[in-house]
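Peer 1:
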Amino acid sequence: SKRLEGKTIVITGASSGIGRSTAIEFARTSPKNLKLILTARRLDTLKEVATEITKEAGSGVKVLPVKLDVSKPEEIKGFVQELPEEFRDIDVLVNNAGLVKGVAQAPSIAEDDINLMFATNVTGLINMTQAILPIFKSRGPSGAGDIINIGSIAGREPYQGGSIYCATKAAVRSFTDALRRELIATRIRVMEIDPGQVETEFSIVRFYGDVEKAKKVYEGCEPLTPDDVAEVVVFMAGRRENVVVADTLIFPNHQAAATVLHKKP
Ligand code: NDP
Ligand code: 8X3
Numbered sequence: 004s005k006r007l008e009g010k011t012i013v014i015t016g017a018s019s020g021i022g023r024s025t026a027i028e029f030a031r032t033s034p035k036n037l038k039l040i041l042t043a044r045r046l047d048t049l050k051e052v053a054t055e056i057t058k059e060a061g062s063g064v065k066v067l068p069v070k071l072d073v074s075k076p077e078e079i080k081g082f083v084q085e086l087p088e089e090f091r092d093i094d095v096l097v098n099n100a101g102l103v104k105g106v107a108q109a110p111s112i113a114e115d116d117i118n119l120m121f122a123t124n125v126t127g128l129i130n131m132t133q134a135i136l137p138i139f140k141s142r143g144p145s146g147a148g149d150i151i152n153i154g155s156i157a158g159r160e161p162y163q164g165g166s167i168y169c170a171t172k173a174a175v176r177s178f179t180d181a182l183r184r185e186l187i188a189t190r191i192r193v194m195e196i197d198p199g200q201v202e203t204e205f206s207i208v209r210f211y212g213d214v215e216k217a218k219k220v221y222e223g224c225e226p227l228t229p230d231d232v233a234e235v236v237v238f239m240a241g242r243r244e245n246v247v248v249a250d251t252l253i254f255p256n257h258q259a260a261a262t263v264l265h266k267k268p
């Protein structure tokens, strides 16, 4: 979109799935004078995504891959200061990095899994937001910029075997809604998109790398693709500045709720 020309966009978790697709979609639809900062823990994979984008979009898109573990507050602290000058004037933050670990139920949920999910999905998202907000607030006269948080249907509807993940996404929802209220006197837009089932590395991560188990989740279903979600994220960022697509729920056709899925026999 023309409205995104000249923007600088940060995406967390851009090495895979929704984050990767979102980076590609921004570049595909706004190839003029766009700056993309792609972050995740796997730098090599980020570099591959960056190469792919540069090949497709040409020299109008500058891509900067940055290794950043959002679950480590100390890595977020230095993040903005360490960016090259030309990438520092950030306009859009897509808080996408997130994960689920396991399907265990209380009292058998591993402490490491609990801590990792909260440190990544909740504290990581909050710390990223706090790191970028001063840039948005300093943009005159009353501040401007976009925060797009990737929540989940899991944050609206808790389900068995997902108590911690659901709690983290409910926390994202609560933080997002409070922040939108806190920033009411600014032109900063705070937006959330909550997908249902999307086929990415999400379930592979949930089952600790067991690809067969992950595949079973989508048997008889036609899940969303990460591109489907990316299109909506880019749409949100590309609206006229007075339009806030505050809250969006997106399902594949066979899904009507977190656990209401029509599976083909
Ligand atoms: P993927 O596993 O494919 O992608 C997750 C991304 O997050 C990866 O790029 C991963 O990169 C990154 N990530 C994980 N931990 C960290 C960390 N500590 N620091 C930085 N980056 C991290 O899954 P999705 O694309 O599906 O997930 C993206 C978001 O969408 C998540 O927030 C997820 O909860 C949400 N979501 C997913 C749904 C689905 O059904 N797939 C539905 C609803 C919401 P790396 O490993 O390189 O760090
Ligand atoms: C991912 C969707 O319902 O599998 O956020 O947890 S769900």
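In this text, residue positions in the sequence shown follow full-length UniProt numbering: the first is 4, and each later residue adds one. Just so you know, even glycine gets a beta-carbon here, dropped at the ideal spot from N, CA and C. Since the model is a prediction, treat every value here as computed from it, not as a measurement.
Please report how far the alpha carbon of Glu78 lies from the alpha carbon of Glu85, in whole angstroms.
Peer 2: Reading the sequence shown from its first residue, position 75 is the one you call residue 78. Reading the sequence shown from its first residue, position 82 is the one you call residue 85. Distance between the alpha carbons of Glu78 and Glu85 is about 10 Å.
Peer 1: Roughly how many whole angstroms lie between the Cα atoms of Ile156 and Asp92?
Peer 2: On the sequence shown, residue 156 is found 153 positions in, with the first residue counted as 1. On the sequence shown, residue 92 is found 89 positions in, with the first residue counted as 1. About 32 Å.
Peer 1: Mind pulling the beta strand (DSSP E) runs of 3 or more residues that sit fully within the region 152–202?
Peer 2: Within the region 152–202, the complete beta strand (DSSP E) runs of at least 3 residues are 190–198.
Peer 1: On the three-state DSSP scale, how would you describe Thr11?
Peer 2: Here residue 11 refers to the residue found at position 8 when the sequence shown is read from its first residue. Strand at Thr11.
Peer 1: Looking at Glu174 and the ligand 8X3, is the gap between the Cβ and the nearest heavy atom below 6 Å?
Peer 2: Within the sequence shown, numbered from 1, the residue matching residue 174 stands at position 171. Before going on, a small fix: residue 174 reads as Ala here, not Glu. Answer for Ala174: no, Cβ out of range of the ligand 8X3.
Peer 1: In whole angstroms, what is the alpha-carbon distance linking Ile153 and Asp197?
Peer 2: If you number the sequence shown from 1, residue 153 lands on position 150. If you number the sequence shown from 1, residue 197 lands on position 194. Taking the straight line from one Cα to the other gives about 6 Å.
Peer 1: Excluding five sequence neighbours on each side, which residues of the same chain lie with their C-beta closer than 8 Å to the C-beta of Tyr221?
Peer 2: Counted from its first residue, the sequence shown places residue 221 at position 218. Closer than 8 Å at the Cβ level, and outside the excluded window around Tyr221, lie Gln200, Glu202, Ser206.
Peer 1: Quick check: is any heavy atom of the ligand 8X3 less than 6 Å from the C-beta of Ala259?
Peer 2: Start at 1 with the first residue of the sequence shown, and residue 259 comes out as number 256. Ala259: no, Cβ never under 6 Å from the ligand 8X3.
Peer 1: Taking 6 Å as the cut-off, is the C-beta of Ser166 nearer than that to any heavy atom in the ligand 8X3?
Peer 2: Numbered from its first residue, the sequence shown carries residue 166 at position 163. Because no heavy atom of the ligand 8X3 lies under 6 Å away, the Cβ of Ser166 does not count as near it: no.
Peer 1: Who are Lys65's beta bridge partners in DSSP?
Peer 2: Taking the first residue of the sequence shown as 1, we reach residue 65 at position 62. Note: Lys65 sits in a beta bridge opposite Lys38.
Peer 1: How would you label Ser19, buried or exposed, when you count the other beta carbons within 10 angstroms and need 16 or more for buried?
Peer 2: One-based indexing of the sequence shown puts residue 19 at position 16. Ser19 should be labelled buried.
Peer 1: Would you list the residues sitting across from Leu96 in a DSSP beta bridge?
Peer 2: Taking the sequence shown and counting its residues from 1, one reaches residue 96 at position 93. Paired residue(s): Val13, Ile150.
Peer 1: Is the beta carbon of Ser18 within less than 6 Å of some heavy atom of the ligand NDP?
Peer 2: Start at 1 with the first residue of the sequence shown, and residue 18 comes out as number 15. Yes.
Peer 1: With a CB to CB cut of under 6 Å and the five nearest residues on each side skipped, what residues in its chain are close to Phe8?
Peer 2: Here residue 8 corresponds to residue number 5 of the sequence shown, with the count starting at 1. The question names Phe, yet the displayed sequence has Glu at residue 8. Contacts found: Lys35, Asn36.
Peer 1: Starting from Ile79, follow the alpha helix (DSSP H) in both directions and report where the run begins and ends.
Peer 2: Locating residue 79 in the sequence shown gives position 76, counting from the first residue. From DSSP, the alpha helix (DSSP H) with Ile79 extends over 76–80.
Peer 1: Can you tell me which of Glu225, Ile40, Gly63 puts its alpha carbon nearest to the alpha carbon of Pro87?
Peer 2: Sequence index remark: in the sequence shown, residue 87 carries index 84 (1-based). The candidate whose alpha carbon is nearest that of Pro87 is Ile40.
Peer 1: In the DSSP output, which residue or residues are listed as bridge partners for Thr251?
Peer 2: As a first step, residue 251 is located in the sequence shown; it is residue number 248 there, counting from the start. Beta-bridge pairing links Thr251 to Ile196.
Peer 1: Closest by CA to Arg31, which one among Val52, Ser74, Gly81?
Peer 2: Numbered from its first residue, the sequence shown carries residue 31 at position 28. Selected option, being the one with the closest Cα: Val52.
Peer 1: Would you say the beta carbon of Ala157 is closer than 6 Å to some non-hydrogen atom of the ligand 8X3?
Peer 2: Residue mapping note: residue 157 aligns to position 154 of the sequence shown, counting from 1. Yes, since a heavy atom of the ligand 8X3 falls inside the 6 Å radius drawn around the Cβ of Ala157.
Peer 1: Let's see if you can read the secondary structure: which residues bound the beta strand (DSSP E) around Gln258?
Peer 2: Stepping through the sequence shown from its first residue, residue 258 is reached at position 255. Where Gln258 is concerned, the enclosing beta strand (DSSP E) stretches over 258–260.
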